[in-house]
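K.L.:
Provided herewith is a single structure, encoded as structure tokens, for subsequent inquiry.
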Amino acid sequence: MGSRAKLTGTLRTLISWHLQVPSRTLMSSTYNATADCILAAQNDWTDVRCITDVCKAVDLLREEVKRDSPGMENLSGVKIRGLSAGVIGKVGISEDVESTVDLHIREAMYITDITSNEDGTVAITGRTSACQTYIAVITTGGSLQQQNILPGTGWNRVKCSFLSQYLIAVVASGGNQIGIYNIRDQSQRFVRLTDVIMNCPTNQRVYSVTTDPVNDHIIVGGKSRDVYVLNSKLEHVKTMKLPDVIKRADDIALYKGNLLVCDSFRTCRAFAVTMKQPASEVKYEFTKPTHGGADWYPCSVCTDQNGYIYMVWKRIVDRSLIVQYTKDGGQIELEREVQDRTHDVIAITAVQTKQGEKLLLPTRGTNKLLTYGLT
997 MGSRAKLTGT LRTLISWHLQ VPSRTLMSST YNATADCILA AQNDWTDVRC ITDVCKAVDL
1057 LREEVKRDSP GMENLSGVKI RGLSAGVIGK VGISEDVEST VDLHIREAMY ITDITSNEDG
1117 TVAITGRTSA CQTYIAVITT GGSLQQQNIL PGTGWNRVKC SFLSQYLIAV VASGGNQIGI
1177 YNIRDQSQRF VRLTDVIMNC PTNQRVYSVT TDPVNDHIIV GGKSRDVYVL NSKLEHVKTM
1237 KLPDVIKRAD DIALYKGNLL VCDSFRTCRA FAVTMKQPAS EVKYEFTKPT HGGADWYPCS
1297 VCTDQNGYIY MVWKRIVDRS LIVQYTKDGG QIELEREVQD RTHDVIAITA VQTKQGEKLL
1357 LPTRGTNKLL TYGLT
């Protein structure tokens, strides 16, 4: 077997594994092109002259996957990037907020969550002054793109998480609603928790949501230790129970196959746990900050493209703290307190912009969007 054939076979195996699709579903032209440009280097990589060709070949592969496997839309949630200008090693947080902009969301009274996708699209959920639940799609600069009313009224906790490039999973505690919002046509579909979960406790409430785009899963946490996994058709897949050191899931995120859980008000602690069924296990507990001697509680968690974990910790009254954790083990790397205490930060997301990756934090009540840089 020649060098080109060997390299093409290796590329087919590696790339199909990375995309988590069978290699037979992918065409050979891209692998051949990629193999040719690598062999052309003749082991002379001093000017990295083949990188442009490799990136073009990978882009071609991505388009072929979309065209030849249209049913694999959910792979849009998998982060497939070219060579990034981002930092691979240590990542810092800007000393202070880089920008603060007004969010011109119609009749917005209260923001409850924020989410983003790899294309830089950002969505926010909350309540209007008429106590209606809304979802708003904005730019990273805070400009409103679309806004729609969702099911649920009254004192309603609304959380959101991108499932794919266009689909957003949403949960609303008012009415125990779980749904999908499509930003392309602004359509929505919601079901009640009790309609999809058999023998669901009558006092159960949905409080949090995250997604697993690779497996097409929506993961829902709530008032108890039960965590529910649904698919994009809003069908129940399985139920798992959190370890007994956790009393409820106020915010969650999926990270390297584990679930990151913020128990904001019962234990005021945060954990990484396995996704084992029926009962998960604690992997590690996140170190609780002692900044300023305050008693902090965790309220929101996200991760960046380099694998660092970020949480917003709050004090009961008027203080918000951004904490960066190590990639594994839950140890504190950095802390940044939001200096302007009129900003009641409630949620956090990491998003890629033209200026690099940023942390976006909406404020509750004042309806501002704070941006911190990742350096």
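Per our numbering, the very first residue in the sequence shown carries number 997; after that it's consecutive. A virtual CB, placed ideally from N, CA and C, is assigned to each residue, including glycine. Here the structure is a predicted model, which is why all the values come from computation and not from measurement.
Please determine if the segment 1202-1218 and the segment 1150-1168 are in contact, where contact requires at least 3 C-beta pairs separated by less than 8 Å.
P.N.:
Yes, the segment 1202-1218 is in contact with the segment 1150-1168.
K.L.:
How many whole angstroms separate the CB atoms of Ile1342 and Thr1108, which I take to be in contact at a CB cut-off of 8 Å?
P.N.:
Counted from its first residue, the sequence shown places residue 1342 at position 346. Counted from its first residue, the sequence shown places residue 1108 at position 112. Yes, Ile1342 and Thr1108 are in contact; Cβ-Cβ is about 7 Å, under 8 Å.
K.L.:
Between the C-alpha atoms of Asn1227 and Val1233, what's the straight-line distance to the nearest angstrom?
P.N.:
Here residue 1227 is taken as the residue at index 231 of the sequence shown, counted from 1. Here residue 1233 is taken as the residue at index 237 of the sequence shown, counted from 1. If I take the Cα positions, the gap works out to 7 Å.
K.L.:
Identify the continuous beta strand (DSSP E) that holds Thr1198 and give its terminal residues.
P.N.:
Looking up residue 1198 in the sequence shown gives position 202. Thr1198 -> no beta strand (DSSP E), and no H or E assigned at all.
K.L.:
Can you tell me which of Val1167, Arg1180, Gln1161, Phe1186 puts its alpha carbon nearest to the alpha carbon of Val1210?
P.N.:
Taking the first residue of the sequence shown as 1, we reach residue 1210 at position 214. The candidate whose alpha carbon is nearest that of Val1210 is Gln1161.
K.L.:
With DSSP run on the structure shown, which of helix, strand or coil describes Ser1072?
P.N.:
The residue you call residue 1072 lines up with position 76 of the sequence shown. The predicted model places Ser1072 with a pLDDT of 43, which falls under 50 and marks its position as unreliable, so this point remains unresolved.
K.L.:
Is the beta carbon of Gln1143 sitting closer than 8 Å to the one on Tyr1130?
P.N.:
Taking the first residue of the sequence shown as 1, we reach residue 1143 at position 147. Taking the first residue of the sequence shown as 1, we reach residue 1130 at position 134. A contact, by the Cβ cut-off of 8 Å.
K.L.:
Does the segment 1282-1291 come within contact of the segment 1231-1245, defined as at least 3 CB pairs closer than 8 Å?
P.N.:
Because the criterion of three Cβ pairs below 8 Å is not met, the segment 1282-1291 and the segment 1231-1245 do not touch.
K.L.:
With DSSP collapsed to three states, give me the class of Val1087.
P.N.:
Locating residue 1087 in the sequence shown gives position 91, where the first residue counts as 1. Residue state, collapsed to three classes: coil.
K.L.:
Is DSSP giving Val1241 helix, strand or coil here?
P.N.:
By one-based count along the sequence shown, residue 1241 stands at place 245. Looking at Val1241 - three-state DSSP - the assignment turns out to be coil, as it is neither helix nor strand.
K.L.:
Going by C-alpha to C-alpha distance, which of Ile1174, Arg1201, Ala1119 sits closest to Lys1147?
P.N.:
Stepping through the sequence shown from its first residue, residue 1147 is reached at position 151. Contrary to the premise, residue 1147 reads as Pro rather than Lys in this sequence. Here the closest residue by C-alpha is Ile1174.
K.L.:
Expressed to the nearest angstrom, what Euclidean distance is found between the alpha-carbon atoms of Gly1361 and Thr1371?
P.N.:
On the sequence shown, position 365 is the one that residue 1361 refers to. On the sequence shown, position 375 is the one that residue 1371 refers to. When rounded, the distance between both Cα atoms is 29 Å.
K.L.:
Between the Cα of Phe1261 and the Cα atoms of Ser1220, Tyr1280, Glu1329, Asp1324, which residue gives the shortest distance?
P.N.:
Residue mapping note: residue 1261 aligns to position 265 of the sequence shown, counting from 1. Among Ser1220, Tyr1280, Glu1329, Asp1324, the Cα nearest to that of Phe1261 is on Ser1220.
K.L.:
Run through DSSP, which three-state label would Gly1303 get?
P.N.:
Sequence index remark: in the sequence shown, residue 1303 carries index 307 (1-based). In the structure shown, Gly1303 sits in coil (DSSP, three-state: anything other than H, G, I, E or B).
K.L.:
Should Val1205 and Pro1239 be called a contact, given that it needs their Cβ atoms to be closer than 8 Å?
P.N.:
Position 209 of the sequence shown holds residue 1205. Position 243 of the sequence shown holds residue 1239. No, the pair does not count as a contact, with Cβ atoms beyond the cut-off.
K.L.:
Return the Cβ separation of Val1118 and Val1297 in integer angstroms, given the expectation that the two are a contact with Cβ distance under 8 Å.
P.N.:
In the sequence shown, residue 1118 corresponds to position 122, counting from 1. In the sequence shown, residue 1297 corresponds to position 301, counting from 1. No, Val1118 and Val1297 are not in contact; Cβ-Cβ is about 17 Å, not under 8 Å.
K.L.:
Between the Cα of Pro1274 and those of Leu1330, Leu1317, Thr1136, Tyr1224, spot the shortest distance and give me the residue it belongs to.
P.N.:
If you number the sequence shown from 1, residue 1274 lands on position 278. Cα-wise, what sits closest to Pro1274 is Tyr1224.
K.L.:
Could you check which residue in Thr1283, Gly1088, Asp1336, Ile1248 has the C-alpha nearest to that of Met1271?
P.N.:
Stepping through the sequence shown from its first residue, residue 1271 is reached at position 275. If we check each option's Cα against that of Met1271, Ile1248 comes out closest.
K.L.:
Going by the beta-carbon positions, is the gap between Leu1356 and Val1334 smaller than 8 Å?
P.N.:
The count along the sequence shown starts at 1 and reaches residue 1356 at position 360. The count along the sequence shown starts at 1 and reaches residue 1334 at position 338. Cβ distance not < 8 Å, so Leu1356 and Val1334 don't count as in contact.
K.L.:
Going by C-alpha distance, which of Cys1295, Arg1153, Lys1237 is nearest Arg1315?
P.N.:
Stepping through the sequence shown from its first residue, residue 1315 is reached at position 319. The shortest C-alpha separation from Arg1315 is found at Cys1295.
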